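Student:
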Amino acid sequence: MIRWNLYILGPALLFCNGLFSTNCFVTQRSHAWQKTRSAFSTSPRRDTWQNARNVVSTSHRRNASLKMATTAGQSEAASQNIFGVASDFGTGLIFSLLHAFDDCGIEDSSKNLRVLWVRALLAYRKKIKDDVAHKFLPSNTRSLVTTEWGANILDPILPFAEWIEARTQFIDEGLNHFLSNPLCTDPETGSKLECQVVLLGAGYDTRALRYRHEHGNKAKFIEVDLPSVVEGKSKLYKKFQKEQDPEWNIDKYGSTLVPFDLNDAGGPDPKSLVQILRENGLKKDTPTLFVSEAVLFYVNEGAVRNIMNDFFNFASQGGNGDSERAETLFCFTDTLKPFVDVPFSNEANKWFDANNMDLLQHRSRWGGAVHFALASSRRKVEGQKAQEISEDNDTIIHSTVGNHIRSKVGGLINSYIPTASRNKEILKNPSFENVWYAVAFPWQIDGYDTPLQAVLKRKSSSSKDGEKPFATRLWGEPIVIYRDKQGELVAMADVCPHRSVPLSMGKVNDGNLECVYHGWTFGEKGACVDIPTMHTVDDDGIETTSDCRKLLNGVTKANMGHMRAVVEHEGLVYVWRGNVLEADVSLLPTRRKGDMETVPIDTVLDYNVDYCYVVENNLDSPHLFYLHDGSVPPIESIGMMNVNLPKLKLTSFTDHCGMGHLGRLGKNGRPKKLLRFDPPNVVRHGGVSGFEEEFHCVPISNQRTRVLLRQHLPRGPILSTVTSVPGLMPILTIIVNSWNYHIALEDSNVMQGQASRIEDWGSPRLGVGGLGDDLIKRFWKWRNRSLENMKLQKNVNSPYVDNFDFRTMPKTGGIPSGTSFGDNPEIVN
């Protein structure tokens with residue numbers, strides 16, 4: 001009977017949890033609301049439908065609480081919309097049913113339970129490590145997340161649970177780094193040293209139990225939450241110890257549970273959270289980690305300010321004591337409002353720096369509603385320690401904990417946009433060389449002609465007689481790319497070393513590229529693997545093959561100068577321009593790990609103008625409001641309408657990756673759009689909601705540019721649902737592609753007219769400057785310096801390749817005749 005009921009409850013739970021996840025930042029309730037009476041009973045004697053009535057009653061009380069708080073003028077983290085009300089009611093009802101015969105002692109129908117269920121499911125699907133979560137659930141219903149049949153019912157929740165998965169992983173990684181740092185683990189002996197971890201608004205967090213044996217009982221956990229939650233969790237801990245780990249001394253090594261409403265840190269008679277913690281065992285001169293996981297949304301602004309001031313005072317010199325072990329680490333997956341309300345690492349870094357802390361890791365979500373941040377305290381260091389410079393060469397990490405984490409995760413990349421170009425040197429020393437250039441999307445290499453074909457997995461031509469290799473140009477140089485038998489990419493100059501026929505005219509069979517003219521064949525790593533004329537048939541029809549290894553090796557060696565370093569990375573195919581042996585994959589632009597997942601949509605745009613015009617166009621913010629007025633959706637949140645052009649304010653910035661503009665409407669308006677030039681040829685557009693566009697302006701020739709446009713749409717619950725429905729992803733692709741073609745046509749007409757006047761009439765590229773033209777000037781300043789460096793280093797005036805240079809190819813014996821082999825008899829025969 002229970003199993004049958006679960007099949008009914010499962011879909012309902014999916015729906016409600018989906019709403020919960022969708023609205024987790026628009027349906028936040030005051031932390032104090034959780035003091036209301038539980039919407040269900042843990043006693044089996046209570047009738048389930050009485051519990052359901054309690055849900056309705058509780059909902060009304062919570063709404064009344066909201067009205068009272070608003071009347072009192074208290075600042076709430078967010079407001080409850082209709083979806084949030086429906087979500088709370090629905091999930092409350094579902095959890096009443098699931099806990100009708102609860103044997104775990106939980107008296108809480110808040111979102112703590114919903115998170116607990118989701119974590120148990122994520123753990124069962126091995127997306128996170130948590131072997132405790134399901135043990136907190138009622139034994140008569142936990143099979144929903146501990147069996148395959150139950151998990152199958154709830155699996156549709158997983159796309160909606162990505163935020164819980166991401167924050168769990170981030171905090172666990174931060175905790176692992178903290179426990180392994182030299183102040184907590186002796187690097188010479190490996191022995192564990194005393195440290196402490198404070199969990200704010202811990203709810204039914206399982207970390208204290210998961211890590212109870214991880215640090216030799218030297219890691220002390222202190223958990224803070226509402227009295228009602230603390231009471232229920234105390235029962236859970238004792239139950240867990242009795243049934244799961246009876247040998248564990250919970251009184252000596254278990255968590256210290258601190259009943260405290262964080263809202264009480266504000267108001268007319270505020271209480272000090274740190275003082276409360278000290279009274280409950282928080283020690284001085286002990287490495288300390290504070291964890292705040294999605295709790296500050298529920299706390300009023302005054303309390304948040306006081307709590308943060310308390311923390312920063314604790315982390316300051318002497319606040320946690322004066323010994324060398326008195327270091328503090330903060331780990332947030334939480335709101336940073338009212339201090340930081342934008343998603344940019346720069347702004348978060350400024351705030352932590354102003355409070356004497358070093359930001360070690362950072363990313364954000366939902367336009368800055370949530371920040372994932374790891375920051376360490378600073379202490380006075382002298383001598384050699386003061387010279388411990390990070391790999392960024394411009395940031396000093398002032399603590400042992402901070403330096404340890406930096407060594408594990410690398411330096412913080414100061415990037416306004418989620419995708420960071422990692423070639424910082426190119427900003428200081430402009431160059432078109434020793435750079436990775438995106439030249440294609442992987443689906444183009446695989447034989448699809450359009451993004452829609454790639455989505456549908458349908459090709460316009462049959463591959464029965466072999467695939468066509470992919471042909472393109474980079475700075476005028478013809479390049480051919482194919483996949484070998486192992487699926488690895490191979491790139492080389494698009495010219496056969498035999499008679500200079502374009503290899504792209506041939507075909508790819510079983511991972512081998514065959515020249516159309518004489519069938520010379522190239523395989524893995526571009527090695528010559530066959531020459532048909534080496535196979536001869538005598539008069540009796542018997543085929544003989546001469547020993548061709550030396551000849552094939554000779555062709556391969558002669559073709560080495562044609563090879564290009566190529567790599568497939570994050571949905572794009574990159575070719576290295578420079579010495580193949582110096583190709584450095586660490587310089588590839590990379591999306592920040594742990595950010596919200598996106599749905600990428602690709603578009604290919606070709607323009608009959610030089611790449612400079614395309615870069616200029618995409619760096620020009622004002623034209624979006626004027627030229628594309630009516631083409632960009634007239635949505636208020638986007639704001640790119642002609643009527644808003646007088647309000648446009650642009651702020652210049654330079655981060656570790658490039659130079660750009662931050663646009664907002666009105667002096668005090670929130671940022672609407674970012675754009676950044678990442679040298680030498682990439683423009684990135686970003687919004688504050690996680691949306692990002694990357695324009696790879698590929699210089700095909702001096703009168704032709706191909707733009708590889710990849711748009712990253714944040715994979716929220718709605719988009720996750722849409723893309724999971726068969727047939728809707730192709731429709732979305734068509735819509736986005738069509739819109740891009742329309743915008744591109746408007747731009748193309750303008751750029752071709754612009755090029756005509758500049759190149760045919762000699763008009764200036766920039767006559768009288770206007771709003772936003774400062775960024776265009778910065779682009780040209782960078783480009784001109786690149787040309788100057790190229791003239792000095794290579795004595796050439798342009799990055800474009802005008803003529804094929806055979807001198808780059810190694811010579812074999814024989815009389816040079818302009819070919820790669822000369823008149824080598826062995827090859828001729």
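Counted the way full-length UniProt numbering counts, the sequence shown spans residues 1 to 829.
Ideal Cβ positions, reconstructed from N, Cα and C, are used throughout, including at glycine.
Bear in mind the structure is a predicted one, so any value in this text is a computation, not a measurement.
1) From LYS507 to GLN453, what does the alpha carbon distance come to, in whole angstroms?
2) Whole angstroms is fine: what's the gap from LYS283's alpha carbon to ILE250's?
3) Give the secondary structure of ILE735 by DSSP, where H, G and I count as helix, E and B as strand, and everything else as coil.
4) Is the distance from the Cβ of SER689 to the Cβ of PRO671 below 8 Å?
5) List the residues that DSSP assigns as beta-bridge partners of TRP436.
6) What does the alpha-carbon distance come out to for the pair LYS242 and VAL197?
7) Please classify ALA471: does DSSP put it in a helix, a strand, or coil?
8) Keeping to the same chain, check which residues put their C-beta closer than 6 Å to that of THR721; ignore five residues upstream and five downstream.
9) Between which two residues does the beta strand (DSSP E) carrying PHE240 extend?
10) Give the DSSP-derived three-state secondary structure of SER720 in the structure shown.
11) Is it a yes or a no for the region 158-174 touching the region 125-138, going by three-plus beta-carbon pairs under 8 Å?
12) Use the C-beta contact count for LYS485: other C-beta atoms within 10 angstroms, 16 or more gives buried, fewer gives exposed.
13) Would GLY368 be called buried (16 or more neighbouring beta carbons within 10 Å of its own) or exposed?
14) Just to confirm my understanding: we take ASN112, look at its own chain, exclude 5 residues before and 5 after, and list those with CB closer than 7 Å. What are they?
15) Please determine, among ASN644, GLU514, VAL439, LEU552, the residue with the shortest C-alpha to C-alpha distance to ASP606.
16) If distances are taken between C-alpha atoms only, which option among PRO478, ASP245, LYS593, LYS192 comes closest to ALA491?
17) CB GLY571 to CB PRO418, shorter than 8 Å?
18) Can you tell me whether ASN749 is buried or exposed? The criterion is at least 16 other CB atoms within 10 Å of its CB, across all chains shown.
19) Closest by CA to PHE360, which one among ARG406, ASP802, ARG684?
20) ARG61 by DSSP, collapsed to three states: which one?
21) Mapping DSSP to helix, strand and coil, what is ASP610?
22) Let me check one thing: in DSSP terms, what residues is MET659 bridge-paired to?
23) Would you mind giving the Cβ-Cβ distance between GLU223 and LEU257, rounded to the nearest angstrom? I have them listed as a contact below 8 Å.
24) Give me the residue from LYS238, TRP366, TYR416 with the minimum Cα distance to GLY663.
25) How would you write the range of the alpha helix (DSSP H) that PRO451 sits in, first residue to last?
26) Could you give the DSSP three-state label for residue 835: helix, strand or coil?
27) Quick check on the burial criterion: 16 or more other C-beta atoms within 10 angstroms. Buried or exposed for ASN393?
28) Tell me the rounded alpha-carbon separation between ASP678 and PRO589.
29) Quick one, which of GLN793, ARG785, ASN618 has its alpha-carbon nearest LYS428's?
30) DSSP three-state call for ILE222: helix, strand or coil?
31) Grab the span of the beta strand (DSSP E) containing GLY174 for me, first residue to last.
32) Quick check on this structure: which residue in THR521, ARG704, GLU488 has the alpha carbon closest to the alpha carbon of THR556?
33) Taking PHE290 as the reference, which of PHE314, VAL796, LEU551 has the closest Cα?
34) Quick check on the burial criterion: 16 or more other C-beta atoms within 10 angstroms. Buried or exposed for ARG765?
35) Give the straight-line distance between the Cα atoms of ASN797 and HIS398, rounded to the nearest whole angstrom.
36) Pick helix, strand or coil for PHE779, following the three-state DSSP scheme.
Tutor: In short, the structure shows the following:
1) 20 Å
2) 19 Å
3) helix
4) no
5) TRP576
6) 24 Å
7) strand
8) none
9) Unbroken run through PHE240 is the alpha helix (DSSP H), 227-244; no beta strand (DSSP E).
10) helix
11) yes
12) exposed
13) buried
14) GLY203, TYR204, VAL229
15) VAL439
16) PRO478
17) no
18) exposed
19) Here residue 360 is Leu; the residue named in the question, Phe, does not match the sequence. Ranking the options by Cα distance to LEU360, first place goes to ARG406.
20) Model confidence at ARG61 stands at a pLDDT of 33, short of 50, so the residue's coordinates are unreliable and nothing is read from them.
21) coil
22) THR654, PHE677
23) 5 Å
24) TYR416
25) 451-456
26) Since the first residue of the chain shown is 1 and the last is 829, residue 835 is not available in this structure.
27) Any reading at ASN393 needs caution, since the residue's pLDDT is 42, under 50, leaving its predicted position unreliable; the model's value is listed next. It counts as exposed.
28) 10 Å
29) ARG785
30) strand
31) It is not in any beta strand (DSSP E) - GLY174 instead sits in the alpha helix (DSSP H) that spans 162-180.
32) THR521
33) PHE314
34) exposed
35) 46 Å
36) helix
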